[in-house]
Structure formats: C-alpha cells, structure tokens
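Q: Here you go, one structure.
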Amino acid sequence: MTKAINIMKREHLSLNTVLHVLNQLVLDLEAGRLTADDVDYELFEKIMNYIEEFLDTMHHPKEDQYLFPALLKKTSESNDVIMQLQEQHQKGVEHRKKLEIHFQAMKDKHPGQVEKVIDALKDYLQAHREHMKLEDNVIIPLAERVLTPEDWAPIDEAFNQNEDPVFGDTPKNKFRKLLSDITFLAPAPIGLGGRRK
Amino acid sequence: MLKIENLTSHYGRIQALHGVDVEVNEGELVALVGGNGAGKTTLLRTISGLQEASGGKVSFEGQDITSMVAEKRVRLDIAQVPEGRQVFTALSVEDNIRLGAYTKSDKGEISADLEQMYGRFPILKEKRNLPAGTLSGGQQQMLAMARALMSRPRLLLLDEPSMGLSPVLVMEIFSIIEELKEQGVTIFLVEQNATAALRVADRGYVMETGKISLTGSGEKLLNDETVKAAYLGI
C-alpha cells in the first residue's frame, strides 16, 4: 500500500467517525430526544470547522490536484467516475454551507427548521457515504493497479503534507485537537459528553 | 527493554501460553493482535505479574522479573490498563486517579501529575467528584488510562483499550496512544481492532492459540494476506 493510499484511508476513517457523530444528531432530532434548544451548537460548529478545514481544504484538493490527474493521464477507464467525484467535491462545499444556514435558522428558532436540518443532514451524510464508497471501491483499487512508483511519488508527497508536523500550520496536531474537542463535546456514549447541561 | 522467552502459563491443567517469545524495545509501540481466546490478555497479565508463569522467562531491562510480585513491577515503572477498565466504581474519579500513584510519596509531584491528567483528560476534571461507576464506557477508559499514567510508567501495557467504544472514541484513544509514544513511553498494546493497532504500531505480533504465529512491522502485517483474511476483515 502506498503512503498516499494509507493516508487517504486513514483520512476517510477520521471523516467517518465525525459523520457518525452527525448521524447520531439526526437520530436524536428525529426521535425527539433532542429539541432545537438542546442541540449543542458548539459541537456542530467544531464538526463543520473540521469538515471545512480538513476535508474541503486539504483532503479533496489533494485528490483533485494529484491523484485524479495522474489517473486521467494513465487510463480512460475512470473518466466518468472522476468527473462525478470532482463535481461532488464542489457540491460538497455548497451542501455544507447550506447545512450551516439551516442550523443557524434552527438556532434562531425559525419555524420548521428542525425538519429542514434533519433532511439536509441526511442528504449530506448520504452524499459523503456514496462519495467515499466510490473512492474506496473504484478509484483506490484502480490507482493501485495502474499507477507506477514514479506516478505515486508526487501523490505520496502531497498527501504526506497532511500528516507532516513540520509542514505549514502543523495540520496533524491541529486536526488531532479538533477531533479531540469533537469527542469531548459529543454526548456519551458516542463521545465523552463534556460540558453537558 | 522487555524480553519474553519461551513463556508458558496455565489455568489449572489448561495451558494458555505455549512458549511465547516477544521483545519490546525502549520507545517502541508494539501491538499484539489475535482473536478471542488466543491468550493475549494472559500474556499481558503474565508480564504485569497478575498471572503466574509456569515456565520461561520475563526480563525487564535485563532483570529477571518472572517471579516478581505485581506491586514490585509497578515500582519498576511497568503499568497496566486492564481489559474492561476495572475502575473502582464506588470511589470518586479523583480517588481512582490518585490510586494510580500509590507507589509515589512526593505529594507535590502527585498533585502536579493529577493536574497534568486533568489537562490531558478534561472530562475527568469535570467528573472528578462523581463515583467512577457513574461514568460512561469512554469516560471510564480515560480514567483507567489516567490511573495508569499516574505511576509515570516507562512501559505501558494496554489491554483492549478501544473495546466497546464508538468510532470517535476509538479514534481518540488511538490518538492518545500515539501522543504517549511521541512522548517516549514504551507501549505494548493488545487489541482486537487489528487494523487500528497495526496502523500506529512500529511492530506487531499475531497470536493464535497461545503461540506467536507471525511477527513484523505494523505495515508488513497490515499488508499480509493471512492477517488480512483472519483479522482485518479484508
């Protein structure tokens, strides 16, 4: 397994754990265990912050700039899937912003927003699941099959920057702290249930 | 740092360990993976002195500790986080943490270490006065780790720290383990979550029916077809 694939899989795993917390939020809102007043908006902001800074700013651009072009150069087998994934990367940012607007409206007690948040969250989670499934089941196996060690070198280097503590704003430590904050705030037993009312 | 040679251990007439050889070097994070009933916990308990060895040798920094009582091993800076947390449910969170420092006598040092634990595990500070039995599984796991760290271990034995926890908590536990390694703590980690354990480990051992069946770097074992099929669900 190349360094880049290893990092990509680890990053998908991190994202999945955060999405798991969001999924619990959907279940609690839907079942009435949580009302708009009980929602931990600080936790939601941390999750959105994580997704924006980690997924939309670091993870996806590395795929768009390094992995996908290398694959497109090597084979036409994945052209359609790559186009689809690139479109999803763009739409993911729009969906996140839409979700944030709905959450703000729910926080401001606008009528009917709980249902809108539930629907938007469900769509958002489903989109991520389908996106990762395509990458894990189609793109990564194809890349492992067709890319040579020379092709992988710049991809490995790019993804390694996500982990390297000496690169830029020490992203590894920054995201570790964000994930730790999310775990602290997420209600038990999903998280640690810190600073609960 | 830790050397285990031809170790055997029995529960009555049943032999649980069959000539196990394991080595953990200073500063390493070594994972021991394997299925249920493979003998992983027995091996860990034999290292910490909770389970008697019936043969072979356990050495720590060159000293033969095979017959040494558990308490003395803690004084050598070996600490164990047991499977299932095993916190003292009726005692407060803070008392549980303080108990981890029972081999220490410097009150100032103990107070400083306690504050350090609260810094590392802020949830324990929030719950410091509550009985440990009221904590959730994830909170209890943090408590069990804080308790072990209070003895300032140089060798930390972790038994299934992620067992029964949610994905985000598993991630947090492994992040803490990585941090401890970066701070120089030597770690011997027993896990059923083989993927997560081998990802963070420098080296790993695979155990089957009381024997070591495979060993290598974490990366090598992650890519090993037998390991993938048997333990990684790939």
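If you read the protein sequences in the order shown, they are chains S and W. So the first sequence is numbered by the working numbering: it starts at 776 and just counts up by one. So the second sequence is numbered by the working numbering: it starts at 7 and just counts up by one. Here a beta-carbon is modelled for each residue, glycine too, at the ideal position from N, C-alpha and C. It should be emphasised that the depicted structure is a prediction, and the values quoted were computed from it without experimental measurement.
Check whether the Cβ of asparagine 12 of chain W lies closer than 8 angstroms to any Cβ atom in chain S.
A: Taking a beta-carbon distance threshold of 8 angstroms, asparagine 12 of chain W does not count as an interface residue toward chain S.
Q: Distance cutoff 8 angstroms, beta carbons only. Does valine 913 of chain S sit that close to anything in chain W?
A: no
Q: Does DSSP classify alanine 22 of chain W as helix, strand or coil?
A: DSSP places alanine 22 of chain W in strand when its eight states are reduced to three.
Q: Kindly list the residues whose CB is nearer than 6 angstroms to the CB of arginine 247 of chain W, restricted to its own chain and excluding five residues on each side of it in sequence; keep chain order.
A: Since the displayed chain W opens at 7 and closes at 240, residue 247 of chain W lies outside it and no answer follows.
Q: In terms of DSSP beta bridges, what is proline 137 of chain W paired with?
A: Looking at the DSSP assignment, proline 137 of chain W forms a beta bridge with W:Ser98.
Q: Run the CB neighbour count on aspartate 165 of chain W, radius 10 Å, all protein chains shown included, and call it buried at 16 or more, exposed below.
A: buried
Q: Exposed or buried, which one is lysine 837 of chain S when buried takes at least 16 other CB atoms within 10 Å?
A: With 16 or more Cβ atoms within 10 Å of its Cβ, lysine 837 of chain S is classed as buried.
Q: Buried or exposed: glutamate 916 of chain S, going by 16 or more other Cβ atoms within 10 Å of its Cβ?
A: First, the residue type needs correcting, since residue 916 of chain S is proline and not glutamate in the sequence shown. The residue is exposed, with fewer than 16 neighbouring Cβ atoms inside 10 Å.
Q: Does threonine 876 of chain S pass the burial test, meaning 16 or more other C-beta atoms within 10 Å, or should it be called exposed?
A: Residue identity check: residue 876 of chain S is isoleucine in the sequence provided, not threonine. By the neighbour-count rule (16 or more Cβ atoms within 10 Å), isoleucine 876 of chain S is not buried but exposed.
Q: Which residues, in chain order, does the stretch 182-199 of chain W contribute to contact with chain S at a C-beta distance below 7 angstroms?
A: none
Q: Looking at chain S, which residues of the stretch 137-165 of chain W have a Cβ within less than 9 angstroms of any of its Cβ atoms?
A: Leu141, Ser142, Gly143, Gly144, Gln145 and Met148
Q: Along the chain, where does the alpha helix (DSSP H) containing histidine 906 of chain S start, and where does it finish?
A: 888-909
Q: Spell out whether any CB of chain S is found under 8 angstroms from the CB atom of isoleucine 103 of chain W.
A: no
Q: Verify the contact flag: arginine 951 of chain S, CB atom, against every heavy atom of the ligand GTP, threshold strictly below 7 angstroms.
A: As for the ligand GTP, it is missing from this structure, which has no ligand bound.
Q: Please classify aspartate 249 of chain W as buried or exposed, where buried requires at least 16 neighbouring CB atoms within 10 angstroms.
A: An answer regarding residue 249 of chain W cannot be provided, because it is not within the stretch 7 to 240 covered by chain W.
Q: Is the CB of alanine 961 of chain S under 8 angstroms away from at least one CB in chain W?
A: yes
Q: Rounded to the nearest angstrom, what separates lysine 972 of chain S and proline 964 of chain S at their Cα positions?
A: Unreliable positioning characterises lysine 972 of chain S in this predicted model, as indicated by a pLDDT of 47, which lies under 50. The coordinate reading is nonetheless provided below. Answer to the nearest angstrom: the Cα atoms are 16 angstroms apart.
Q: Consider the Cβ of histidine 795 of chain S: report whether some Cβ of chain W lies at a distance smaller than 8 angstroms.
A: yes
Q: Comparing alpha-carbon positions, which option in W:His16, W:Ser54 and W:Glu89 lies nearest methionine 74 of chain W?
A: W:Ser54
Q: Look at the Cβ atom of alanine 961 of chain S, then the Cβ atom of leucine 842 of chain S, and state whether they are nearer than 8 angstroms.
A: no
Q: What in chain W is Cβ-close to glycine 968 of chain S, meaning under 7 angstroms?
A: Ser142
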